[in-house]
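Asker: In the working numbering, the protein residues as written are 2 to 314. Think of the CB as a built atom: it goes at the ideal place given N, C-alpha and C, for glycine as much as any other residue. To start, I am sharing the structure in question, which I have written as structure tokens.
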Ligand SMILES: [Zn+2]
């Protein structure tokens, strides 16, 4: 459930929680907590399952920790619920909406740049349209990356879904692309030239884009870690593409844009979702990265940079 403000304003972010500089730490923590209250998804960390997540994806934090820390850091830059447009590039899978919903609770509805497996299929045109929708003299946060499931028994690449008995693959698009690359690496099939087929254009593109990572995935296979390596390989492709798109479109952004990239980790209904942050850059309107916020987000920092210091006023 997303808690919306009672504001009747018709501004694009009127549904956001309006996090502002000067909030007390307690008030902010309460607002974030209220976003995460949902009957369909637990927010309570299980120590046993957390160990499984950390074993496979060291450095992953829960969505709640991610939202709380990243929003705190962005508030320091001037971001708030009224002057910020959220854009995402995440998979079509409904499980990927959870992360969007969690950030939507702060910033309001997002502009969607993504498609299958999380690739930024909206491209330069989508980014240009998105940038034009950033509030005047305002900011943009782009959250992007592939996703991967972890089942309750620790199986990576599968997840329990509410209302469905079958514990199925997640991300389905990525696993299909991985199987395609595997069959080419093994010489069982030729490279498909079906990228021009409109009815499955995105999946064919995902398969082409993962192809350069064939050896990397095959090497991970030897240790039984193909499903762990797959999202990182996808992230590298997506990060490269999104960087290109941002570079060519950066003159359209208003005051600044933050890029928060990483691996979205979907889990079953009884455990919270996680995110492994791999990039958190603050970029100015010239396209220059002027601040690396990742160390402060991931906790690899000194006490002076505690993101929650902001709220101790
Ligand atoms: Zn997916």
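If we count Cβ pairs, one from each stretch, closer than 8 Å, do we get three or more for the segment 221–228 versus the segment 62–81?
Answerer: Below 8 Å, too few C-beta pairs join the segment 221–228 and the segment 62–81 to call them touching: fewer than three.
Asker: Under the assumption that residue 182 contacts residue 218 (Cβ atoms under 8 Å), give the Cβ distance between them as a whole number of angstroms.
Answerer: 6 Å
Asker: Does the beta-carbon of residue 213 have 16 or more other beta-carbons within 10 angstroms, so that it is buried, or is it exposed?
Answerer: exposed
Asker: If we ignore side chains and look at the alpha-carbon of each, how far apart do residue 304 and residue 297 end up?
Answerer: In this predicted model, residue 304 has a pLDDT of only 48, less than 50, meaning its place in the structure is not dependable; the value taken from the coordinates is given anyway. If you take the alpha carbons of residue 304 and residue 297, they lie about 10 Å apart.
Asker: Check whether the segment 145–160 touches the segment 192–209, counting contact only when three or more Cβ pairs, one atom from each stretch, lie closer than 8 Å.
Answerer: At 8 Å Cβ cutoff, the stretches do not touch.
Asker: So, at 8 Å on beta carbons, what are the nonlocal neighbours of residue 287 in its own chain, with the 5 sequence-adjacent residues on each side left out?
Answerer: 251, 252
Asker: Could you spell out the range, first to last residue, of the beta strand (DSSP E) harbouring residue 280?
Answerer: 275–285
Asker: Is the Cβ-Cβ distance between residue 284 and residue 260 less than 9 Å?
Answerer: yes
Asker: Buried or exposed for residue 161, going by 16 or more other Cβ atoms inside 10 Å?
Answerer: buried
Asker: Here's the rule I'm using: 16 or more other beta-carbon atoms within 10 Å means buried, otherwise exposed. How should residue 257 be labelled?
Answerer: buried
Asker: With DSSP run on the structure shown, which of helix, strand or coil describes residue 84?
Answerer: coil
Asker: Quick one: what does DSSP say residue 259 is sitting in, helix, strand or coil?
Answerer: strand
Asker: In the DSSP assignment, what residue or residues form a beta bridge with residue 113?
Answerer: 89
Asker: Mind checking whether the beta-carbon of residue 174 lies closer than 8 Å to any heavy atom of ligand 1?
Answerer: yes
Asker: Is any non-hydrogen atom of ligand 1 found closer than 8 Å to the C-beta of residue 97, if you look at the structure I gave you?
Answerer: yes
Asker: Let me check you understand the geometry: is the CB of residue 92 closer than 8 Å to at least one non-hydrogen atom of ligand 1?
Answerer: yes
Asker: Output yes or no for whether 9 Å exceeds the beta carbon distance between residue 141 and residue 255.
Answerer: yes
Asker: Is DSSP giving residue 10 helix, strand or coil here?
Answerer: With a pLDDT of 41 at residue 10, under the threshold of 50, the modelled position of this residue cannot be trusted; read the value that follows with caution. Three-state result, residue 10: coil.
Asker: Determine whether the beta carbon atoms of residue 127 and residue 117 lie at a separation below 9 Å.
Answerer: no
Asker: If the criterion is Cβ atoms closer than 9 Å, does the pair residue 275 and residue 61 meet it?
Answerer: yes
Asker: How big is the Cα-Cα spacing for residue 111 and residue 265?
Answerer: Those two C-alpha atoms are separated by around 17 Å.
Asker: Taking 9 Å as the threshold (C-beta atoms), are residue 109 and residue 87 in contact?
Answerer: yes
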